[in-house]
Structure formats: structure tokens, C-alpha cells
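Chemist: One structure coming up, written as C-alpha cells, with questions to follow.
Residue numbers (UniProt numbering): 1 to 298.
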């Protein structure tokens, strides 16, 4: 079996059997493609069916020289998944990564923005330009609903249920959830729709997409990153931020103001509450207040 055939079948398995999103499938595929690239560069002629543990170990040794520990751990996990698939399909009887341990990594606490930071970023948007209304609506939506960047770019007009005060969000693995949306954000979205979006020449296939570029097509993830980074430079913000920073800030600010973890988990679309628990570590003051409020010997 050739690598390209194994990779194609693996991606199909991830889509159909495991129901992963396109972004996740691409990420898993890249882990395998990088291994293939290494084998080609080193002129190592092996197939996915007979590659040895020693070859994999040498690859990981080379990998450790070029990527950080977190990326290395994720790539090892991706390769382990690929070879588990080959075992599942009876192409192999062993996993060459079975005894290879991922490097130990500490849990990275997410960066957050203060409310003042968020207000200054949004205030820096140039509303004299048509895209200004769109950018304000997008940042308000990111922060008030805690969306992932892909969830924002994929948001549809048909996903807006403003009368009920919710939006329908399609998250990882195409799982859907309803997230409450505050009236001020509804107002900014409505303003953008009426004043800007309605005047665009919308391309076929993008009629229901909420946030569009000037050519009437869905915005890319990269464009959202660029917009936010440019605003950070504009206000001299001394932090490295991304769209995900707004999501982290959403969760942290909710926790600081007394929201419970289970509610935050549902709004973020986390499958496991352990993922949401990271925000408890961000807000140490919340731990103190819980102890002082609920411990019988406070």
C-alpha cells in the first residue's frame, strides 16, 4: 500500500466513521504528510505497512529539533491515530508508536483580555469604512458568544434566532449548540446586515453566509486573525492575541462574575468539563470566593 492511498483512506475514515470536521481532518492529514516528507528527504523507501519503530523514533528525534514540545506531542498523537487506523483495517498488526511516549507538557493557561482591552480594540475600528460595521459586529459576536473563529466564519443568517435571543452554532465535528446572544450584539449584527451586507454583490453559494468580504464571499480564518492583529497594533496592545483570545476572555469574565462551569461548558461547546476547568486556574480569585462562600469553617 502506498502512502497516498493510505492517507486518502484514512481521511475518509475520519470524515465518515469519526465525523470529524474538515479542519480536524486537515490537521491529522498534515501529521502524516510531514512524516512522508521526511522519508522522501532521507530517501527511506518504506510503506505504511512496514515502517519500523526505529524509523519513527529517528523522525521524532529530528522533529524535536524544529518544533516545540506541545506541537511535537500533538503530531505524535496524530501519527499514533493513523497507525491505529491501519490496525483497525487489518493492514498492520502493530503500532510503531505504541511504546513511544509523548513529551510531558504543562497545561498552558490561555491569554485573556480585560474588558478595557476589548473596549479599546472595538473602539479602534474605523466605522467610516463599510467593513468597519462588519468588523465591529464580528468582534462583538466573538466576545459575547465565545465562538471559535471557524464558528464565526461559518455563521449563517438562518442561524440567527434573535426573537428567542439565541444563535445556532456549528462546532467541532459538526455538532450544533444554541448560544444566547445579548441585545447589543444583535443590534450590531442587524446594523451590519442592513447597512453593509445588503449592498454587496453576493456570490453564488454564499447567500446565507453572515459575514462576507468585499467580493461577497465568506471570510477566511486568516482574515479574521489579520483584522484583530491590526487593531492590536493600532492601540499598542502589549499582548499577542488572536480570535481565540476573545473566546478565552468570554469564559474567564463569565467565571469571574459568578457563572458556573457547567453553563460555560455548554456555551463553549466543550465535550468534556475538564477542558472548561482550565478557566478556574486562570481566575484564582474565583477559587477563594467559592471557599469563603461555601466552606462551613470560613
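The beta-carbon is built from N, C-alpha and C at its ideal position, and this holds for glycine as well.
Bridge partners for residue 156 per DSSP, in chain order?
Modeler: The count along the chain shown starts at 1 and reaches residue 156 at position 156. Note: residue 156 sits in a beta bridge opposite 209.
Chemist: Indicate the three-state DSSP secondary structure (helix, strand or coil) for residue 177 in the structure shown.
Modeler: Position 177 of the chain shown, counted from the first residue, corresponds to residue 177. The answer is strand: DSSP assigns residue 177 an E or B state.
Chemist: Please list the segments of the alpha helix (DSSP H) lying wholly inside the stretch 40 to 123, counting only runs of 4 or more residues, in order along the chain.
Modeler: Complete alpha helix (DSSP H) runs here, min 4: 53 to 63, 69 to 88, 115 to 123.
Chemist: Candidates 199, 213, 10, 4: which alpha carbon is nearest residue 80's?
Modeler: Counting from one through the chain shown, the residue named residue 80 turns up at place 80. Closest option to residue 80, Cα to Cα, is 10.
Chemist: Quick one: what does DSSP say residue 166 is sitting in, helix, strand or coil?
Modeler: The residue you call residue 166 lines up with position 166 of the chain shown. In this structure, residue 166 counts as strand in the three-state DSSP scheme.
Chemist: Roughly how many angstroms lie between the CA atoms of residue 142 and residue 148, to the nearest whole one?
Modeler: Working through the chain shown from its first residue, we reach residue 142 at position 142. Working through the chain shown from its first residue, we reach residue 148 at position 148. Approximately 7 Å between the Cα atoms of the pair.
Chemist: Check this for me: beta carbons of residue 170 and residue 195, under 9 Å apart or not?
Modeler: Numbered from its first residue, the chain shown carries residue 170 at position 170. Numbered from its first residue, the chain shown carries residue 195 at position 195. Not a contact, by the Cβ cut-off of 9 Å.
Chemist: Among 211, 38, 239, which one has its Cα closest to the Cα of residue 139?
Modeler: By 1-based counting over the chain shown, the position of residue 139 is 139. Residue 139 has its Cα closest to that of 211, out of 211, 38, 239.
Chemist: Grab the span of the alpha helix (DSSP H) containing residue 15 for me, first residue to last.
Modeler: The count along the chain shown starts at 1 and reaches residue 15 at position 15. It spans 3 to 16 - the alpha helix (DSSP H) in which residue 15 sits, taken as one unbroken run.
Chemist: Taking all protein chains shown into account, decide if residue 99 is buried (16 or more other Cβ within 10 angstroms of its Cβ) or exposed.
Modeler: Counted from its first residue, the chain shown places residue 99 at position 99. By the neighbour-count rule (16 or more Cβ atoms within 10 Å), residue 99 is not buried but exposed.
Chemist: When the Cβ atoms of the stretch 235 to 247 are set against those of the stretch 115 to 125, are three or more pairs found closer than 8 Å?
Modeler: At 8 Å Cβ cutoff, the stretches touch.
Chemist: Between the stretch 173 to 182 and the stretch 242 to 260, are three or more C-beta pairs nearer than 8 Å?
Modeler: No contact exists between the stretch 173 to 182 and the stretch 242 to 260.
Chemist: Could you tell me which residues DSSP puts in a beta bridge with residue 161?
Modeler: Taking the first residue of the chain shown as position 1, residue 161 is located at position 161. Beta-bridge pairing links residue 161 to 166.
Chemist: Can you list, in chain order, the residues of its chain whose CB lies under 6 Å from that of residue 224, leaving out five sequence neighbours each side?
Modeler: By 1-based counting over the chain shown, the position of residue 224 is 224. Excluding sequence neighbours, residue 224 sits near 149, 243.
Chemist: Which ranges does the alpha helix (DSSP H) cover as unbroken runs of at least 4 residues, wholly within the stretch 223 to 284, from first to last along the chain?
Modeler: Listed in chain order, the complete alpha helix (DSSP H) runs (minimum 4 residues) inside the stretch 223 to 284 are 243 to 256, 261 to 268, 273 to 276, 278 to 282.
Chemist: Write down the C-beta distance between residue 203 and residue 193 rounded to the nearest angstrom, noting that I regard them as a contact closer than 8 Å.
Modeler: Mapped onto the chain shown, residue 203 falls at position 203. Mapped onto the chain shown, residue 193 falls at position 193. Their Cβ separation, rounded to whole angstroms, is 17 Å, which puts residue 203 and residue 193 out of contact at 8 Å.
Chemist: Taking the beta carbon of residue 299 as the centre, do at least 16 other beta carbons fall within 10 Å, making it buried, or is it exposed?
Modeler: Residue 299 lies beyond the residue range present for the chain, which begins at 1 and ends at 298; the question has no answer from this structure.
Chemist: Given a threshold of 16 other Cβ atoms within 10 Å of its Cβ, counted over all protein chains shown, does residue 263 qualify as buried or as exposed?
Modeler: Position 263 of the chain shown holds residue 263. Result: exposed.
Chemist: For the alpha helix (DSSP H) containing residue 132, list its first residue and its last residue.
Modeler: In the chain shown, residue 132 corresponds to position 132, counting from 1. Looking at the DSSP string, the run of the alpha helix (DSSP H) that includes residue 132 is 130 to 145.
Chemist: Quick check on the burial criterion: 16 or more other C-beta atoms within 10 angstroms. Buried or exposed for residue 161?
Modeler: By one-based count along the chain shown, residue 161 stands at place 161. By the 10 Å Cβ count, residue 161 comes out exposed.
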